[in-house]
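Student: Starting off with a structure, shown below.
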Amino acid sequence: MKKRVKTREALRRRLIFFLVLAGILVLVSLIAPLLCPNDPNATSAADINRPPCAEFPFGTDRYGRCVCSRVLMGARTSIFSAVALVGITFIAGTTLGLLAGWYGGIVDTLIMRLADVMLAFPQMVLAIAVAGILGGGMGNAMLAMGITGWTLYARLARAQTLALKEEPYVHAARLSGCSGGTIMVRTLLPNLLGPMLVTAATQIGVMMIGIAGLSFLGIGVSEPQAEWGSMINGSRAYLQLAPWAVLAPAIATIITVMIFNYLGDCVRDVLDVGEVER
Amino acid sequence: MIKYIGRRLIHLVGIMIAVSFLTFLLMYLSPGDAAMKKLNAQGVSVSEEIIEKTRESMGLNRPFLVQYGDWALRALQGDLGNSYKDGFPVADKLARGLRYTTILAFTSLALALAVALPLSILTALKKDSLLDNITRLFSFIGNSLPNFLISVLLMYFLCVKAHLLPLTANESVKGLVMPCLALSIPICGRFIRQFRAEILEQLSRPYVSGAMLRGVKQRYILKNVLHNSAISILTIVGLSIGTLMGGSVVVETIFRWPGLGKLAMDAITNRDYPVIQGFVLFTSTVYVLINLLIDIAYSWIDPRLRETGGGS
Amino acid sequence: MKSRKLFALLLALCMIAALAACGQKAEPAPAAAPEGSTGTQSTGTESEPPAEPRYLKMAVNFAYPSLDAHKDYYGWYTQIYGVTETLFRIDADMSVKPLLAKSSDVSEDGLTWTFELADAYFSNGNPVTADMVARNFRRLVEVNERYDDWAAFTFEAKDEKTLTITTPDVFPTMLVALTDPEFAIMDLDATADFDNAPIATGPFVIKSFKPEGDVEVVRSDSYWNGDVRLDGATLFYMPDAESKLLAMQAGEIDCYTSVDAAAKEIYEADPSSYNLTVIPGTRMQFYVLNKTRLSDNVCAAVNLTVDCEAIAAYLKGTTSAAVGPFVASAPYGQVTKPAPDPAAARALLEADGYVLNADGYYEKDGKVLEITICHYKSRQLPDLAVLMQEQLKNVGIKATLVVQEDPDAGYVATGDYDIALYCMIADTGGDPYYCVDALYRESGKWAKAGFPTDETEALINKLQFETDIDQRAALANQIVQMSIDENAFGYVGLFNKVSVARPGVTGFSENIPFDFYGLTADTDIA
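Chains as they are written, first to last, in this note's numbering: chain A, 341 to 618; chain B, 22 to 333; chain C, 228 to 753.
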């Protein structure tokens, strides 16, 4: 335990390191149009499935489009939509789960029954219905994912709250006359945030893949807009002929998911150490 | 406890009604209907009169509430109806798909747990070690690759390059190996991350450092830690059972595994309402029952929760 | 204390789960091991009986829950399995050939058709009688909605082998219609289970059938029409394109049709291991220009912009560039269209008052010319949409892509499109009427786009009842040419039927344009 306290500075530094990396990712996705070596949507019959070369750093895909430019442009769609989706569902789900766990009774029943209905709802039915009724597009794809997405955080937050509620320090806070709201925000929230954040970080990858799955169903982004998941999906038939067209977006996905996961780990570590010191 | 379970089972009925109604409504609102899908299946053009006539005979022209009511009344009598697409009983189709999905879901889950549990305990204890970092890397990769890519890569390397397994085997033990791997790799990646985080969380609690200071044997501390992590681990596992029981369209299609996911997907694209409804009823039941089991398990593991109702 | 016990129980459960997992994992492993070792010698033979039998393994794209050939589209697959046969069949050159029928004759007024049946018998030895054929046809009309129109026809057995069909109106396409696989002849008296074990006349009989799964057939010992070369076959249901490619590469299947562009390229690179067959198919990709929304000049400009040859080049020989809906070699495929000409397209737009803006798009009164291309994710239409969008962009027309899951209930039904992409079977066997009827009728599904006129409608009505083959072709050419000249339609590609087979595998209908032929008596494996 002593070792952990000592490394607090190191942890801070690591956190900053991954924050910077995540910042770079976001920055890259913001200025992607300036970085593209080629027009990401320009097709060219002469350049179909070309291996990586000076002109096309990551090669070209089945339409002769520059994979590198598409990966860069795709960063915007993929990262932004996944982060936004996780952010919104995380906040909504945690809040509802916390309320349900703390107050119990009718609040709990209402929230958790709603979560049950949403969870019990098959994602495919929902996604196709959303696409059919509201039309395709990224916004609607995110809606289809979000409607069920919050339940995960709600259930976890509720489970944590139920466990924490019985901890002595929560009893103490209650006895000392703190209001429910204060206890939830000051005592419960910091304690359940750690594992929840890790889950959220993991979910960024899940959401990225989920959105890709929806573009497969014809919801989500439509061609020619670049998005990593649909790039992987569209090129998978060419895995043997032009592996770069699949690998480039796949590796971009893995790196992004890794950075956000490590970030989640660091956040938790820092929170842990803070608690130990307190 | 029994009263509690009874109450939850009543909830189950409510949820099934809510979910089935919502599904029926959503499918009714989305464009396309079973008559058109059935007649145009192979890209042959069929005249509007014939489509209209078929629609009439299938009862698709009745008002929404009548269609839903008709279905619900029969479902209450245990009759899930016949598929619009081929006229076969929905219950038979579901039972067949369910058998295969259950086998696939539970072997994948067991495989994922068998790998993830020991690894996550080990990596949590030896945080930041080489093993921890390698495991972490693999869990990231497993977790961030789409299912279809994992499936195709597995097929390419195990079947085409190494000739270890036959591609054409399905519905058999040999045919189970690859879809099971394809499903459990991402689940395993996720489990390791989540279990490890949970165990680390417990390790940082004051009771652990207290016990360490008192010189309690590591074995006992670990036991306590695992005990306290069990609630979260159960929740995570329970949620993934629910997802798995819905079947995986991608894996089932690629590995020709005749499970529920493919059945449901076909039913949705064909607007085969009776099959969709049967599927929805089934998945909602599974979700609710699993959640019920999780809650019951909560109060067993942690009796303190029982007094507060354990989630009533 | 109690909770601790329970926790021990939980741990034990986990252990069991882990053990179960190991068990599950270990179980297939030893089974797989010998496979791996034999697999290095010859991978294709492990599940077969010794080398002697000629046994074919083929992948198919669909699998149905029933073998009842009269219902739905199930007949397509019973015919592919080589189990059912029809009175007439279509040959590689798209001509109609007699099969269960020996000859046909039509009365002077064109209303009564007379058929002489061949000396065929079912796999159980019963002869195929005219009465049985008539009853089959009546059953088809009764159980399949798509043949409702046939309810007005009468089917009669004149004697043991003579059948007549009487129609209220002239029905010139009778022989083509009878090649539909749904007109399969089954032994209605002897068949006890139509869904799983129909008794029919084909060279093969069902050995095992899994609903919506794999099918095994064996040679029919009493096939009426010559020797059956194969001893049997397994037809694997493989809807996924990559699975088929990998199974072919792993040597687990011998042949399949509808090879996609990527797989085709891989097979082409290794001609000693794979035989590719590419022939013109029957499905046609086209787009409809919405004349109620786009001006004549814009429609003309779009048609001058879309370069079908360039699109076919991207699709790597899985489609061929189209002029009209039918192959150019057919007598009813004699239409012309102007070559792509971007400069002329621009001139047309400028004549309409459009000017190029700073972004390189045409605009009029400050409004950019923007058109929507609706499509759905099937039959390579997404590829077409992307490529057309790019071609239009190069001319200065901004196109946005809209993808819908169900076109027939979506944009086709509502008419809410500027350009609608679609794919359908155009040629049903040597006659243009089916396609003309589906595309250009005033009551048809494309009428919302504003093309059909009284003139085309009159010509289509004439085509419907015309009995002279040359006249039919001339009429069809005239109608299709009108659709091109009016810039109402754009015909982009004709699908090729691309089949791949291991060397020595022949006769699995790889030379017949239709999807619904497969195993025949001549199918062979060396």
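From the three backbone atoms N, C-alpha and C, an ideal C-beta is built for every residue, glycine too.
Would DSSP call C:THR733 helix, strand or coil?
Tutor: strand
Student: Can C:THR694 and C:GLY459 be called in contact, C-beta distance under 8 Å?
Tutor: no
Student: Kindly indicate which three-state DSSP category C:MET511 falls into: helix, strand or coil?
Tutor: strand
Student: At a Cβ threshold of 8 Å, is C:LEU473 touching chain B?
Tutor: Yes, contact with chain B.
Student: Along the region 277-289 of chain B, where does the CB come closer than 8 Å to a CB of chain F? Name the residues.
Tutor: No chain F is present in this structure, whose protein chains are A, B and C.
Student: Any contact between the region 496-516 of chain A and the region 657-666 of chain C? By contact I mean 3 or more CB pairs, one from each, below 8 Å.
Tutor: no
Student: Helix, strand or coil for B:ALA318, going by three-state DSSP, please let me know.
Tutor: The answer is helix: DSSP assigns B:ALA318 an H, G or I state.
Student: Hey, does C:TYR464 have any beta-carbon neighbour from chain B nearer than 8 Å?
Tutor: yes
Student: Please classify C:PRO740: does DSSP put it in a helix, a strand, or coil?
Tutor: coil
Student: Could you pull out every unbroken beta strand (DSSP E) segment of at least 3 residues lying fully inside the region 527-589 of chain C, listed in chain order?
Tutor: 546-548
Student: What distance in whole Å lies between the Cβ atoms of A:LEU412 and A:ALA372, which are believed to be in contact at a cut-off of 8 Å?
Tutor: 4 Å
Student: Indicate the three-state DSSP secondary structure (helix, strand or coil) for C:PHE692 in the structure shown.
Tutor: helix
Student: With 16 other CB atoms within 10 Å as the buried threshold, where does A:LEU367 fall?
Tutor: exposed
Student: Note down the Cα distance separating A:SER369 from A:ALA415, rounded to an integer number of angstroms.
Tutor: 5 Å
Student: Checking 8 Å against the spacing of the C-beta atoms, do C:ALA427 and C:PHE342 come in under that value?
Tutor: Not closer than 8 Å, so no.
Student: Please name the residues in the region 160-193 of chain B whose beta-carbon is closer than 9 Å to at least one beta-carbon of chain A, in chain order.
Tutor: SER160, PHE161, ILE162, ASN164, SER165, LEU166, PRO167, ASN168, PHE169, LEU170, VAL173, LEU174, TYR177
Student: Which same chain residues, not among the five before or five after C:GLY671, have their C-beta less than 8 Å away from its C-beta?
Tutor: ASP664, ALA665, PRO679
Student: Among all the DSSP beta bridges, which residues are the ones paired with C:TRP340?
Tutor: Bridge partners of C:TRP340: C:VAL333, C:ILE392.
Student: Can you tell me whether C:HIS297 is helix, strand or coil according to DSSP?
Tutor: coil
Student: Anything in chain B within Cβ reach of A:ASN573, meaning under 8 Å, just list it in chain order.
Tutor: PRO167, PHE169
Student: Rank B:LEU313, B:PHE276, B:LEU134 by C-alpha distance to the C-alpha of B:PRO207 and give the top, closest one.
Tutor: B:LEU134
Student: Which runs of the alpha helix (DSSP H) spanning at least 4 residues fall entirely within the region 342-419 of chain C, listed in chain order?
Tutor: If one requires a minimum length of 4 residues, the alpha helix (DSSP H) runs lying completely within the region 342-419 of chain C are 357-370, 401-404, in chain order.
Student: In the DSSP output, what is A:MET464 paired with across the bridge?
Tutor: Bridge partners of A:MET464: none, in fact.
Student: Here's the rule I'm using: 16 or more other beta-carbon atoms within 10 Å means buried, otherwise exposed. How should C:ASP645 be labelled?
Tutor: buried
Student: Does any residue of chain C bring its CB to less than 8 Å from the CB of B:VAL67?
Tutor: yes
Student: Give the interface partners of C:ARG373 over in chain B, defined as CB-CB distance under 8 Å, in chain order.
Tutor: LEU60, VAL65, VAL67, ILE71
Student: Using a Cβ-Cβ cutoff of less than 6 Å, which residues in the same chain neighbour C:TYR501 once the five nearest sequence positions on both sides are dropped?
Tutor: For C:TYR501, where only same-chain residues beyond five positions count, the Cβ hits under 6 Å are TYR494, VAL727.
Student: Take the Cβ of B:LYS24 as the centre, count every other Cβ of all protein chains shown within 10 Å, and call the residue buried at 16 or more, exposed below.
Tutor: exposed
Student: Return the first residue and the last residue of the alpha helix (DSSP H) that A:HIS511 is part of.
Tutor: Under the DSSP assignment, A:HIS511 falls in the alpha helix (DSSP H) whose first and last residues are 508-515.
Student: Tell me the rounded alpha-carbon separation between A:ASP456 and B:LEU302.
Tutor: When the Cα atoms are used, A:ASP456 and B:LEU302 turn out to be separated by approximately 13 Å.
Student: Any beta carbon of chain B sitting closer than 8 Å to that of C:GLY440?
Tutor: yes
Student: Which residues, in chain order, does the region 580-605 of chain A contribute to contact with chain C at a C-beta distance below 8 Å?
Tutor: Correct list: GLN580, LEU581.
Student: Just the Cα atoms here: how many angstroms apart are B:VAL65 and B:LYS59?
Tutor: 11 Å
Student: Any Cβ of chain A within less than 8 Å of the Cβ of B:SER305?
Tutor: Output row for B:SER305: interface = yes.
Student: So, for A:ALA350: in the same chain, excluding its five sequence neighbours on each side, which residues have a beta-carbon less than 8 Å away from its beta-carbon?
Tutor: none
Student: Checking the sheet assignment: what are the DSSP bridge partners for C:ILE433?
Tutor: C:VAL444
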